[in-house]
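Asker: The structure that follows is given in the form of structure tokens.
Residue numbers (this note's numbering): 569 to 845.
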């Protein structure tokens, strides 16, 4: 069980990895989790609003310490909301490759640069993103990160949990963010989606494997929904968090990829962002 170090209350939706391995899970709403680890390992715990912690897998109760946010100088200004712009426009039919977490907790982050255009419309009003979901409904966390000194996602920019419910099928999701007053800093910002390996997101399916003797073998498969659409790009602006660390996204080199226009390109999150003044 994962708990708050001060209140002792359970912490829900904490992502947990076995360090440097592709094994992980997410705590349920009551803070409980389980991992099938045969020997002592180092586990990495990550949750919005709490310090990332590494601890031995022998521990049964894990206490996370809340982050103390240092308040910066505050400038009071009036939001006009008289105009808005959109960036990152995509067409639903052009999205051919979807990214999913599989069976391990994952965070996928896209960098939003501070431009002269955004300088005049610095507040995020809403984002639209495309998902494909195989179950009735699934949940995914929306997060915002500062940009670290080496260009990777750094500290949380917004200390509020935004959980989005995604419906079955291929859907465009609209997330209203006006009330959060998210202003793009001059250094830019990362918009990120965090997958949760919880029972409510589990999808069990049948898949086929073509054997050398041309026989078809049926096996049960499991993954965790939803999947998020991507578009091909010559430029990489995305990072993913896995095994307890951030990694830069690589180009597609698989010649078997059905969407040929993605080969040799980066898969960037298909996000349309509306900015306002």
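Note that the Cβ used here is the ideal one computed from N, Cα and C, for glycine as well.
Enumerate, from N- to C-terminal direction, the unbroken beta strand (DSSP E) stretches of 3 or more residues contained entirely within the stretch 730-813.
Answerer: Listed in chain order, the complete beta strand (DSSP E) runs (minimum 3 residues) inside the stretch 730-813 are 730-744, 757-763, 770-778, 784-792, 795-801, 806-810.
Asker: Of all the options 794, 753, 614, which has the alpha carbon lying nearest to the alpha carbon of residue 630?
Answerer: For the purposes of this step, residue 630 is identified with residue 62 of the chain shown, where counting begins at 1. Out of 794, 753, 614, 614 has the C-alpha closest to the C-alpha of residue 630.
Asker: Considering only DSSP beta bridges, list what residue 632 is partnered with.
Answerer: Looking up residue 632 in the chain shown gives position 64. In the DSSP output, where bridge partners are listed per residue, residue 632 has 572.
Asker: Can you tell me whether residue 585 is buried or exposed, with buried defined as 16 or more other CB within 10 angstroms of its CB?
Answerer: Position 17 of the chain shown, counting from 1, holds the residue named residue 585. Buried.
Asker: Measuring CA to CA, which of 845, 723, 838 is closest to residue 663?
Answerer: Position 95 of the chain shown, counting from 1, holds the residue named residue 663. Of the candidates 845, 723, 838, the one whose C-alpha sits nearest the C-alpha of residue 663 is 838.
Asker: So for residue 688, helix, strand or coil by DSSP?
Answerer: To locate residue 688, count along the chain shown from 1; it is residue 120. Here residue 688 sits in helix by DSSP.
Asker: Helix, strand or coil, according to DSSP, for residue 661 in the structure here?
Answerer: Counting from one through the chain shown, the residue named residue 661 turns up at place 93. In this structure, residue 661 counts as helix in the three-state DSSP scheme.
Asker: Checking 8 angstroms against the spacing of the C-beta atoms, do residue 806 and residue 817 come in under that value?
Answerer: Here residue 806 refers to the residue found at position 238 when the chain shown is read from its first residue. Here residue 817 refers to the residue found at position 249 when the chain shown is read from its first residue. Yes. Within cutoff.
Asker: Looking at the structure shown, is residue 696 part of a helix, part of a strand, or coil, going by DSSP?
Answerer: What you label residue 696 is simply residue 128 of the chain shown in a count that begins at 1. DSSP places residue 696 in strand when its eight states are reduced to three.
Asker: For residue 593, which residues does DSSP report across the bridge?
Answerer: Within the chain shown, the letter at position 25 stands for residue 593. Bridge partners of residue 593: 584.
Asker: Any idea if residue 785 is buried or exposed, counting beta-carbon neighbours within 10 angstroms, 16 or more meaning buried?
Answerer: What you label residue 785 is simply residue 217 of the chain shown in a count that begins at 1. Bear in mind that the predicted position of residue 785 carries a pLDDT of just 46, short of 50, making it unreliable; the figure below should be weighed with that in mind. Looking at its Cβ environment, which holds fewer than 16 other Cβ atoms inside 10 Å, residue 785 is exposed.
Asker: Return helix, strand or coil for residue 615, following the three-state DSSP convention.
Answerer: For the purposes of this step, residue 615 is taken as residue 47 along the chain shown, with counting starting at 1. Three-state DSSP puts residue 615 in coil, outside helix and strand.
Asker: Where do the N-terminal and C-terminal ends of the beta strand (DSSP E) with residue 842 fall, by residue?
Answerer: Your numbering for residue 842 matches position 274 in the chain shown. Note, residue 842: beta strand (DSSP E), 839-844.
Asker: Tell me whether the beta-carbon of residue 700 lies closer than 8 angstroms to the beta-carbon of residue 738.
Answerer: Counted from its first residue, the chain shown places residue 700 at position 132. Counted from its first residue, the chain shown places residue 738 at position 170. Going by C-beta atoms, residue 700 is nearer than 8 angstroms to residue 738.
Asker: Take residue 587 and list the residues in its own chain whose beta-carbon comes closer than 8 angstroms to its own, dropping the five residues that flank it on each side.
Answerer: Position 19 of the chain shown holds residue 587. So the list reads 609, 610, 611, 612, 622, 811, 812, once near-sequence residues are dropped.
Asker: Which word fits residue 603, buried or exposed, when buried means at least 16 other C-beta atoms lie within 10 angstroms of its C-beta?
Answerer: Counting from 1 along the chain shown, the entry for residue 603 is found at position 35. Exposed, by the Cβ-count rule.
Asker: Would you give the residue range spanned by the beta strand (DSSP E) that residue 676 belongs to?
Answerer: One-based indexing of the chain shown puts residue 676 at position 108. Counting along the chain, the beta strand (DSSP E) containing residue 676 begins and ends at 675-680.
Asker: Can you tell me whether residue 683 is buried or exposed, with buried defined as 16 or more other CB within 10 angstroms of its CB?
Answerer: Along the chain shown, read from residue 1 onward, the residue named residue 683 stands at position 115. By the neighbour-count rule (16 or more Cβ atoms within 10 Å), residue 683 is not buried but exposed.
Asker: Do residue 572 and residue 632 count as a contact pair if the criterion is CB distance below 8 angstroms?
Answerer: By one-based count along the chain shown, residue 632 stands at place 64. By one-based count along the chain shown, residue 572 stands at place 4. In this structure, residue 572 lies closer than 8 angstroms to residue 632 by Cβ.
Asker: Thinking C-beta only, is residue 773 closer than 8 angstroms to residue 789?
Answerer: Position 221 of the chain shown holds residue 789. Position 205 of the chain shown holds residue 773. Contact flag set, yes.
Asker: Say whether the stretch 758-773 touches the stretch 706-714, bearing in mind that this needs 3 or more beta-carbon pairs closer than 8 angstroms, one atom from each stretch.
Answerer: As far as the Cβ criterion goes, the stretch 758-773 touches the stretch 706-714, which means the pair count is three or higher.
Asker: How big is the Cα-Cα spacing for residue 803 and residue 833?
Answerer: As a working note, residue 803 is residue 235 in the chain shown. As a working note, residue 833 is residue 265 in the chain shown. Between residue 803 and residue 833, the C-alpha separation is close to 8 angstroms.
Asker: Report all residues from its chain with a CB closer than 7 angstroms to the CB of residue 577; omit the five preceding and five following residues, and keep chain order.
Answerer: For this step, residue 577 is matched to residue 9 along the chain shown. Once the five neighbours on either side are set aside, the close Cβ partners of residue 577 are 571.
Asker: Decide if the stretch 650-660 is in contact with the stretch 751-759; the criterion is three or more beta carbon pairs, one per stretch, under 8 angstroms apart.
Answerer: No, they do not touch.
Asker: Take residue 601 and list the residues in its own chain whose beta-carbon comes closer than 8 angstroms to its own, dropping the five residues that flank it on each side.
Answerer: If you number the chain shown from 1, residue 601 lands on position 33. The residues are 569, 570, 582, 584, 593, 594, 595.
Asker: What is the DSSP secondary structure of residue 905, reduced to helix, strand or coil?
Answerer: Residue 905 lies beyond the range of the chain shown here (569 to 845); nothing can be said about it.
Asker: Look up residue 646 in the DSSP assignment and say whether it is helix, strand or coil.
Answerer: Within the chain shown, numbered from 1, the residue matching residue 646 stands at position 78. Coil.
Asker: Go through its chain and collect everything with a Cβ distance to residue 819's Cβ below 7 angstroms, but skip five positions before and after it.
Answerer: Here residue 819 corresponds to residue number 251 of the chain shown, with the count starting at 1. For residue 819, where only same-chain residues beyond five positions count, the Cβ hits under 7 angstroms are 832, 833, 834.
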